Amino acid sequence: MSTNMEILEAEVLQLPPVERSHLLERLITSLDSDPEVEEAWEREADRREAELESGSISAVSGQEAIARLRARLTR
Numbered sequence: 041m042s043t044n045m046e047i048l049e050a051e052v053l054q055l056p057p058v059e060r061s062h063l064l065e066r067l068i069t070s071l072d073s074d075p076e077v078e079e080a081w082e083r084e085a086d087r088r089e090a091e092l093e094s095g096s097i098s099a100v101s102g103q104e105a106i107a108r109l110r111a112r113l114t115r
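Every number in the numbering used here is 40 more than the matching position in the sequence shown, counting from 1.
Written out as structure tokens, the structure is:
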């Protein structure tokens, strides 16, 4: 790692957690700039919303979803 990167990392780690979280969000967003990927996620979100609205699927809580995933992984 370059010296500049080490200095930057040390400075960032001194920020309050809220500011580090905001910076992290901005950095991640800057990596997700592929228009095709964004369009695909938009279509997926629209599809899921339509399924929920039509009643063909039902929502589950975050806790329920995690419990189901854990159960699958322990098989």
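Idealized CB from N, CA, C, for every residue including glycine.
Model, not experiment: these values are computed from the prediction.
When the five nearest sequence neighbours on each side are left out, the beta carbons in the same chain lying within less than 8 angstroms of the beta carbon of Leu92 are those of Ser98 and Ala99, in order along the chain.
If you ignore the 5 residues before and after Leu53, its C-beta comes within less than 8 angstroms of the C-beta of Arg60, all in its own chain and listed in chain order. Between the C-alpha atoms of Ile106 and Thr114 there is a straight-line separation of about 12 angstroms. DSSP places Pro57 within a helical segment (H, G or I) once states are collapsed to three. Counting along the chain, the unbroken alpha helix (DSSP H) around Ile106 starts and ends at Gly102 to Leu113.
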